[in-house]
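Visitor:
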Amino acid sequence: MALRTEEEQLMHRLRHKFHKTAAEYELIAEGDRILVAVSGGKDSLALLELMAARVRVLKPRFSIVAAHVVMTNIPYQSDTEYLTTFARNLGVEMHIVETSSTGDTRKSPCFLCSWNRRKALFETAKALGCNKIALGHHQDDVLVTLLMNMTFQGAFSTMPPALQMDKFDMTIIRPLCRIEEREIQRLAELHEYRKQQKNCPHEHSSNRSRMAEVLAMLEKLN
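Just so you know, the sequence shown maps onto residues 1141 to 1362 in this note's numbering.
(1) Are the beta-carbon atoms of D1172 and G1276 separated by less than 7 angstroms?
(2) Since V1237 and L1188 are thought to touch, with beta carbons under 8 angstroms apart, how far apart are those beta carbons, to the nearest angstrom?
(3) Report all residues from its chain with a CB closer than 6 angstroms to the CB of I1313; omit the five preceding and five following residues, and keep chain order.
(4) From the DSSP output, in three-state form, read off Y1222 for me.
(5) Less than 7 angstroms separating the beta-carbons of A1206 and T1239?
(6) Could you tell me how far apart the beta carbons of T1365 and L1175 are, in whole angstroms, since I believe they sit closer than 8 angstroms?
(7) Which stretch, first to last residue, makes up the alpha helix (DSSP H) that contains E1329?
(8) From this set, Q1293, A1295, M1211, which residue's C-alpha is nearest R1258's C-alpha?
(9) Return the CA-CA distance between T1225 and S1349, expressed in angstroms with no decimal places.
(10) So, under 8 angstroms CB-CB, D1323 and L1150 are touching, yes? Tell me the CB distance rounded to an integer number of Å.
(11) Give the DSSP-derived three-state secondary structure of H1156 in the structure shown.
(12) Find out if the Cβ-Cβ distance for the pair L1330, E1147 is shorter than 7 angstroms.
(13) With 16 other CB atoms within 10 Å as the buried threshold, where does P1300 fall?
(14) Can you tell me which residues form a DSSP beta bridge with K1272?
(15) So that I know if they touch, is there some Cβ in chain B lying closer than 7 angstroms to that of N1289?
(16) For A1352 and A1186, which I take to be in contact (beta-carbon distance under 8 angstroms), what is that distance rounded to the nearest angstrom?
(17) Leaving out five residues before and five after N1289 in sequence, what residues of the same chain have Cβ atoms less than 6 angstroms from its Cβ?
(18) On the three-state DSSP scale, how would you describe V1209?
(19) Return the CA-CA distance between R1201 and K1360, expressed in angstroms with no decimal places.
(20) Would the beta-carbon of Y1216 fall within 7 angstroms of that of R1334?
(21) Would you call the CB atoms of Q1279 and R1318 closer than 7 angstroms?
(22) Taking the beta strand (DSSP E) that L1303 belongs to, which residues open and close that run?
(23) Here's a check: name, in chain order, each residue in its chain whose Cβ is nearer than 7 angstroms to the Cβ of V1209, leaving out the five neighbours to either side.
Below, the structure written as C-alpha cells:
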C-alpha cells in the first residue's frame, strides 16, 4: 500500500476536522444556499476549497456561491481576476462587490472597515438568495478573540461556530474553527495560493495583532 504524500495527509486531516465541525454544530443543512466570503487571504481560499469539496458529497445537498468585497477607499489591492479564476476552477461562481468604509468617525478604522464589509456581504447574500454566510475564521482567530474579550471586555466569550443573525435573517457559520492557522498556512504553500497585496496602515498595530503575539507566547509556554 502506497504511503500518502504530505499533501494527501494534510487534506485528509483538514477534511476530517471540517466534516466533524459541520456535523457537530449542524452548520450545513439540506437545501442551504451558502455565500462563502472570500477576502483573498489564505484562510478564505482554504475555506472555499473545502466548501467546494463538501458540496460534492451526497448529503446534505446544498449549494454555494462566493463573494469578494472590494473597499474602494482602502489601499488594498485585490487580484479579482485570480480570485474569480480560483473559484471557477472549483466550480464556484464568484461575485465581486464594491463598497467603501464610511460611518461614525468616533469608531476605529478597523471596526468601520469590518462593519462595512460585513454589511456588503449581508446585502449580497440576500440578493443571491442565500440563507447562510461562511467565514474563514480558524482556531487561532477564535482563541485570539477570546483573549481580546477577556482583556478588554472582561467577558469569557468568543466567536461561535454558528450565529443566527435575526436582524438580517441570516446565519453566520465558521467551518474552519477547529483548524489551526499553521495547517492552513501549509495548505497555502502546497497549493500555491497567491497572496493579495495589503497596504493597510493599521494591520500590524491593532489590538488583534498584539493579542496574536500573546497567543504565540502562551503556545510556547504550553
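Note that beta-carbon positions come from the ideal geometry of N, C-alpha and C, so glycine has one too. Predicted model only: the values in this text are computed from it and were never measured.
Guide: In terms of the structure at hand:
(1) no
(2) With a Cβ gap of about 16 angstroms, V1237 and L1188 do not count as contacting.
(3) L1167, K1272, A1274, A1302
(4) helix
(5) no
(6) Residue 1365 lies beyond the stretch modelled for the chain, which goes from 1141 to 1362, so this question has no answer here.
(7) 1321-1330
(8) M1211
(9) 31 angstroms
(10) The sequence shown places Glu at residue 1323, not Asp. At roughly 7 angstroms, the Cβ-Cβ gap stays under 8 angstroms, so E1323 and L1150 are in contact.
(11) helix
(12) yes
(13) exposed
(14) I1174, T1311
(15) Among the chains of the structure shown, chain B does not appear; only one protein chain is present.
(16) Between A1186 and A1352 the Cβ distance is about 18 angstroms, and since that is not below 8 angstroms, they are no contact.
(17) A1295, S1297
(18) strand
(19) 42 angstroms
(20) no
(21) yes
(22) 1302-1305
(23) V1237, T1239, R1257, A1260, L1261
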